[in-house]
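This report concerns only the one structure given below.
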Amino acid sequence: MGHPFLRDGVDFGDVILVLVIVVISFVLCLVATMLMVWFERKVVSRLQNRIGPNIAGPFGLFQTLADGIKLFFKEDLIPERADRKVFQLAPYLSLIPAFLMFTLVPIAGDFSNVSESGTAGTSTIAGREFLWQGADIPVGILFFLAMSSLGIYGIMLAGWSSGSKYPLLGSVRASAQAISYEAALGLSIAAVILVSGALSTNEIVQSQSGSLRQLNIVATGFVPFIVFLIAGTAELNRPPFDLVEAEQEIVGGYHTEYSSIRFALFFLAEFMNTVTMGGLIVTLFLGGPAPLFDLPLIDVMPTLGWFAGFLLFFGKLLIFLFIFVWFRATLPRLRYDQLMDLGWKALIPVSLLWLLILGGIRIAQNGDLGIVENTNANVAIVLVASLALGAVGWLLLRAAMDNAREERLEEAGFQLIAVPPQQLDGHADSSTSGASH
Amino acid sequence: MMELIVFVISAAIVLGGALGVILFRNPVHAALSLIASFFGVAVLFVSQEAHFLALVQVVVYGGAIVVLFLFVIMLLGVDREEDITEEPFEGQRVSALVSGVLIFAMLMAGIFLSGRTGDDAGDFGPAAISGSSGQVVPLTEEQDVVQLGHDLFTRNILAFEATGLLLTIATVGAVVLVRNRGAEDLVVDEPGTSSR
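Those protein sequence lines, which keep their order, are chains Y and D. In terms of the numbering used here, the first sequence is residues 347 to 783. In terms of the numbering used here, the second sequence is residues 149 to 344.
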């Protein structure tokens, strides 16, 4: 029955294959991160009418490598008031989840042919099937959520253990932001799971290969995609959600006290997460390595095999990485109350309502509604009912917000004066704002 | 063999983490060892092929709940080392001891009195659960999520809804508790209201 350390049907060849895949994905992750740093600096420079790095290597490609080596040889400082053990642990808590998340993303493979074992996108080497991703665990996408919630610890503990005010402020901001946006992120992933009917990233891609209508961005109706893009940017602490390291307010946030290689690890984790988030958006909503639609041009793709998948994935990924950089160059940072308002009062209600609509439509399409037989009529009923419910919910939310605001003003000593309606000049519903001016 | 090794290592992490929670004087260190303990439990779940449970364990407990603990600890600045020679509440130690013993007794009774023994599918064999009719139903991969969903929304719907209600009540209660302070403590952070 094989080696006692190994499960039935597994031999050392499989173990070596897994090891090779892990090493390759680690190297690939590092190279991708290095290129991402260069890409970001170059694109931001161009958007700001500068040239950007252009000395080290062709087009300044080795700038990141040079910076890395420089950071390596700098003095590594630990503040005297720091909690030494936690201070040393924090960068790794940030880096390891970042890398583990990357292993989930299928980066290549030919998803048009389904192998005997029922999985698509496999390739074969020495008689062994493998997937073009670090690991395909059955509950894959939940693993992403788990790792992103563990990644917060790196930032939180870095700020706390520095023993100084600004880093602590940064990490408190980071944890509040992460908690607020994780719900919206999870709900938009739930929409994808509902439509794809699978949790593993490989199966999510497989469910999207074929036609444009099967792509999750279309099948889930764009809203979860928008929500995921916004919440994902917030989760990455990238601009315009970079309150965590807002240099005008709190120096550098959680990594103020970090120097040398420990700082480099945080930097690495941040950019690694950016690449991974782009890859996950592509996987979840744009079909990953699967082609977007059938065009005659794409008929040559199958001859390329897995490499066609890589080209498609890379092209799609590049779009999102550019969007992230574009955000950074274009959008000003949100104020803290705007950040919380967007997360709690816009993204979460919208994604909840959307999940309700998607679920209802699925039931209606199965014809289980029990009112009319016609599927289209069922879908219409679901849509109308959901939208009505959404409208009621929105009105309740508005009422609660107005009420809370009024109460706060009253408690703070403002007298609410009933303003006669003719003085309002069309601002019929602004009795509270009239009092606050 | 492999299962034994995984079990021993993760059990050591679970117990070490649990001991750390009560032995560390610094609340942040205690919270960190709580994460380690949860993580060990998640590894045990994985070795039983309960992937979904394992990840929920990490997402909910390791992630959300301990993040909230740490958030409160940091925000309130209670991260000083505490003097634990004095009892915070009278009779707390005795009642903690009694309930600890009771829980231990309950767990032991549950383990020894239940008729079920492990299935003989070997190391890392597919996990098995008892169906409603009592026989053991072997699970295939990924079915555990489907089965869990069905169970939650059919047989256990009442408990599920009750838990939801309980959480809502807890949220409302927390808001009420926070809102009920005196008006003089309140800080108005609305833009445009800074001039009192």
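Even glycine gets a Cβ: it sits at the ideal position worked out from N, Cα and C.
Can you find a C-beta in chain Y that's less than 8 Å from the C-beta of D:L223? Answer yes: the Cβ-Cβ gap between D:L223 and chain Y drops below 8 Å somewhere.
Taking a cut of 9 Å between CB atoms, which residues from the stretch 493-504 of chain Y lie near chain D? Answer set for the stretch 493-504 of chain Y: M493, S494, S495, L496, I498, Y499, M502, L503.
Against chain Y, with Cβ distances strictly below 8 Å, would D:D189 count as a contact? Looking at the sequence shown, residue 189 of chain D is not Asp but Val. For D:V189, not one C-beta of chain Y is nearer than 8 Å to its own C-beta.
Roughly how many angstroms separate the alpha carbons of Y:R387 and Y:F666, rounded to a whole number? So the alpha carbons of these two residues sit roughly 16 Å apart.
In or out: Y:K416 buried (at least 16 other Cβ within 10 Å) or exposed? Exposed, by the Cβ-count rule.
Below-8 Å beta-carbon distance, D:G210 vs any chain Y residue: Yes, because at least one Cβ of chain Y sits closer than 8 Å to the Cβ of D:G210.
DSSP on Y:F476, reduced to helix/strand/coil? Looking at Y:F476 - three-state DSSP - the assignment turns out to be strand.
Taking contact to mean at least 3 C-beta pairs separated by less than 8 Å, is the stretch 532-542 of chain Y in contact with the stretch 691-708 of chain Y? Taking 8 Å as the limit for Cβ pairs, the verdict is that the stretch 691-708 of chain Y does touch the stretch 532-542 of chain Y.
Quick one: does Y:F489 have its CB under 8 Å from some CB of chain D? At least one chain D Cβ lies under 8 Å of Y:F489.
Answer yes if the stretch 482-502 of chain Y comes into contact with the stretch 432-451 of chain Y, meaning at least three C-beta pairs across the two stretches below 8 Å, and no otherwise. When C-beta atoms of the stretch 432-451 of chain Y are compared with those of the stretch 482-502 of chain Y, three or more pairs fall below 8 Å, so the two segments count as touching.
Would the beta-carbon of Y:F670 fall within 8 Å of that of Y:T620? Result yes, Cβ atoms of Y:F670 and Y:T620 sit closer than 8 Å.
How would you call Y:F418, buried or exposed, if buried means at least 16 neighbouring beta carbons within 10 angstroms? Counting Cβ neighbours within 10 Å, Y:F418 comes out exposed, since fewer than 16 surround it.
Quick one: is the Cβ of D:F186 within less than 7 Å of any heavy atom of the ligand FMN? In the structure shown, the ligand FMN is absent, as is every other ligand, since no ligand is present at all.
When the Cα atoms are used, what is the spatial distance from Y:G633 to Y:E581? CA-to-CA, the gap between Y:G633 and Y:E581 works out to about 22 Å.
I want to verify the contact list: residues of chain Y whose CB lies under 8 Å from the CB of D:V215, in sequence order. Those are S495, I498, Y499, M502, S521, A524, I525, listed as they occur along chain Y.
What are the boundary residues of the alpha helix (DSSP H) that includes D:T316? Residues 305-327.
How close, in whole Å, do the beta carbons of D:S195 and D:V154 come, if the pair is a contact with beta carbons under 8 Å? Contact between D:S195 and D:V154 is confirmed by a C-beta separation of about 5 Å, below the 8 Å threshold.
Between the CA atoms of D:L255 and D:M150 - distance to the nearest angstrom: About 26 Å.
Please confirm whether D:H199 has its beta-carbon closer than 8 Å to some beta-carbon of chain Y. Cβ-Cβ to chain Y under 8 Å: yes for D:H199.
Out of curiosity, what's the CA-to-CA distance linking Y:P399 and Y:D413? Taking the CA atoms as reference points, Y:P399 sits about 11 Å from Y:D413.
Three-state secondary structure (DSSP) of Y:G598: Reduced to three states, the DSSP call for Y:G598 is coil.
Rounding to the nearest angstrom, what Cα-Cα distance links Y:F612 and Y:Y600 in this structure? Cα-Cα distance, rounded: 10 Å.
Candidates D:F237, D:G211, D:V294: closest to D:S185 by CA position: Comparing Cα positions, the closest option is D:G211.
Unbroken alpha helix (DSSP H) run spanning Y:D683, endpoints: Y:D683 -> alpha helix (DSSP H) spans 682-686.
Quick one: what does DSSP say Y:F568 is sitting in, helix, strand or coil? The answer is coil: DSSP assigns Y:F568 none of H, G, I, E or B.
Using a Cβ-Cβ distance cut-off of 8 Å, determine whether D:L182 contacts chain Y. No, D:L182 lies away from the interface with chain Y (no Cβ there is under 8 Å from its Cβ).
Skipping 5 residues on each side, what residues in its chain have a beta carbon closer than 7 Å to that of Y:L411? So the qualifying residues of the chain are M380.
Would you call the CB atoms of Y:A615 and Y:S508 closer than 8 Å? No, the Cβ-Cβ distance between Y:A615 and Y:S508 is not below 8 Å.
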